[in-house]
Amino acid sequence: MENIRNIRIGYWNCQGLSSKKWNPATEAIVSGRLDMLFLAETRFVDHEYHSSHPNFFAATTRTQEISKVGHEKGGIICLMSDEIRRMISSSYVTTSTNRIKINQIISKQYTSHHQ
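Start counting the sequence shown at 262; every next residue gets the next number (the working numbering).
Structure, rendered in structure tokens:
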């Protein structure tokens with residue numbers, strides 16, 4: 262089991278994940294400023310593209326629910342460094358939850374307020 266150091270975790274309600282927001286989010290992981298970053302309210306914008314990124318770890322499942330202004334509701338993406346990815350012992354996603362357990366010790370759960 263690897264030793265767990267201080268893990269830098271970020272959370273950003275991006276209110277729709279455009280490329281203008283995606284680039285600084287991935288850079289935070291690639292540069293080492295953050296180990297994990299949860300992006301909330303992605304609205305599944307360009308989801309297939311985002312999920313192909315090497316630092317993509319998991320995303321909540323789609324509800325297909327459309328808001329009054331015409332976009333999908335919800336969406337939480339977890340980006341993760343390779344170092345932390347190697348420590349993951351389990352993960353679980355639903356339409357509103359990303360739950361991650363690291364080395365059987367730490368459990369991080371982020372839940373969308375859209376349930």
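Here a beta-carbon is modelled for each residue, glycine too, at the ideal position from N, C-alpha and C.
What you are looking at is a predicted structure, and each value in this text was computed from that prediction instead of being measured.
Length of the line joining the Cα atoms of residue i and residue j
i: phenylalanine 317; j: isoleucine 338; result: 8 Å
i: leucine 298; j: alanine 286; result: 8 Å
i: arginine 266; j: glutamate 344; result: 11 Å
i: lysine 362; j: lysine 281; result: 30 Å
i: histidine 332; j: arginine 304; result: 7 Å
i: tryptophan 283; j: methionine 348; result: 25 Å
i: threonine 358; j: threonine 324; result: 12 Å
i: arginine 360; j: serine 350; result: 11 Å
i: serine 279; j: arginine 294; result: 21 Å
i: histidine 308; j: alanine 289; result: 19 Å
i: glutamine 365; j: valine 330; result: 41 Å
i: arginine 269; j: leucine 340; result: 12 Å
i: aspartate 296; j: serine 328; result: 32 Å
Sheet register partners of residue i (DSSP bridge)
i: tryptophan 283; result: Its beta-bridge partners do not exist; DSSP assigns none.
Residue i CB to nearest heavy atom of the ligand MG below 7 Å
i: alanine 320; result: This structure simply doesn't include the ligand MG, nor any ligand for that matter.
Residues near residue i by beta carbon distance below 6 Å, same chain, minus five either side
i: alanine 301; result: Asn274, Ile337
i: glutamate 326; result: Lys334
Check whether residue i and residue j have beta carbons under 8 Å apart
i: valine 306; j: glycine 277; result: yes
i: serine 342; j: alanine 319; result: no
Sequence-distant residues of its chain with Cβ nearer than 8 Å to residue i (five each side left out)
i: threonine 322; result: Val354, Thr355, Thr356
i: valine 291; result: Asn316
i: arginine 346; result: Phe318
Cutoff 7 Å; reference residue i; Cβ partners in own chain excluding five residues on either side
i: histidine 314; result: Thr287
i: histidine 311; result: Leu278, Trp283, Phe317, Ile338
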